[in-house]
Amino acid sequence: MDKLKNKIERYWNWRSSSYALDNEKSQETEKAWDSTIRTLAKSGRNQYALDVGTGPGQLAFYLAEAGFNVTGVDLSSQMIASAQKTAKEMDLNIDFRTGDAENLDFADNQFDVIVSRNLIWTLPNPDRALKEWYRILKPGGRIIISDGFWSNQTWKRFYEIPINLLKSVFQAKSRISLRFFLHYASMMKELPLYEGVKKQEVQKLLHYAGFSDVSSWDVDQSFRANPYAFDMSINPSFFIVYADK
């Protein structure tokens, strides 16, 4: 693993202890995601699903409860450990393992469904990743991707650092935001989608990778509240797109 991905792994290892599952945000958020993933994944029994960038395992849990045989992959070993612990508590049999989303150790045409949430923006080579996901998806299989334009801080908004530093004394979320910026500051030039990604950009990447029938999900209809609003003054936009092989 190269130095850049080692840096990315270190940050998400640190974040693993504070990364919330959907039900910790609200039951409404959990139900919206569960219903959306089940609808888009279409089936479940005797099918194989992969959650790339699984984090603490949230999408993998939805898929397993829908009857899929699920594998979850993440660069962060501590995220994987957290996902394994929760899966055991939920009595779900999921194969969680560490792995690089851009270089996956799976055979061609192995999975019926591939899902990924909030991962594309932090990949050094998102185009390579999508070609890799195309390779391991079965013909007729489906890919489901959610991400958003997060307005991640850059040096262009350097003036916001002292403000966040003062806030961080009192607010856990501000401490996370400040540490995120300081950790990613040396990497942002190597991450083409660091500030966030728009729906149209991912749709173009999907077409470029070879996927067909690229569509977007109506998140406004499914989610009555933005699941990423938190206490921020603006709500970051997010999207769900899906396509077939």
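FYI, in this note's numbering the residues of the sequence shown are 790 to 1034. Think of the CB as a built atom: it goes at the ideal place given N, C-alpha and C, for glycine as much as any other residue. Values in this document were obtained by computation on a predicted structure and should not be read as measured data.
According to DSSP, residue i sits in a beta bridge with which residue or residues?
{"i": "A896", "result": "DSSP lists no partner for A896."}
{"i": "Y837", "result": "N858"}
{"i": "Y1031", "result": "I933, S1004"}
{"i": "V902", "result": "A838, R931"}
{"i": "L926", "result": "F900"}
Between the alpha carbons of residue i and residue j, how many angstroms are there, rounded?
{"i": "D1033", "j": "L971", "result": "38 Å"}
{"i": "G888", "j": "A1014", "result": "33 Å"}
{"i": "Y808", "j": "A1018", "result": "15 Å"}
{"i": "D1007", "j": "T828", "result": "12 Å"}
{"i": "S1022", "j": "N941", "result": "Any answer about S1022 is weak, because its pLDDT of 46 lies below 50 and its placement is not dependable; what the coordinates show is given next. Approximately 14 Å between the Cα atoms of the pair."}
{"i": "S806", "j": "N914", "result": "27 Å"}
{"i": "E990", "j": "S832", "result": "28 Å"}
Considering just the uninterrupted stretch of the beta strand (DSSP E) at residue i, what are its terminal residues?
{"i": "T860", "result": "858-863"}
{"i": "D884", "result": "884-887"}
If contacts are defined as beta-carbon pairs under 8 Å, then residue i and residue j qualify, I think. What distance do you get, rounded to the angstrom?
{"i": "T818", "j": "P1016", "result": "5 Å"}
{"i": "F979", "j": "L864", "result": "It should be pointed out that residue 979 corresponds to Glu in this sequence rather than to Phe. Not really, about 15 Å apart at Cβ, beyond 8 Å."}
{"i": "K987", "j": "F1027", "result": "Incorrect: roughly 10 Å between the Cβ atoms, too far for contact."}
{"i": "V862", "j": "R886", "result": "6 Å"}
{"i": "R906", "j": "L839", "result": "With 8 Å as the limit, R906 and L839 do not qualify as a contact, their Cβ atoms being about 13 Å apart."}
{"i": "Y1031", "j": "I933", "result": "5 Å"}
Where do the ends of the alpha helix (DSSP H) carrying residue i lie?
{"i": "D811", "result": "811-814"}
{"i": "A743", "result": "The chain is shown only over 790 to 1034; residue 743 falls outside these bounds and no answer can be derived."}
Validate contact between the segment 888-896 and the segment 817-834 using beta carbons, cut 8 Å, 3 pairs: no
Touching by the beta-carbon criterion (3+ pairs, under 8 Å), the segment 899-906 and the segment 868-886: no
Contact the segment 992-1004 vs the segment 915-929: 3+ CB pairs below 8 Å: yes
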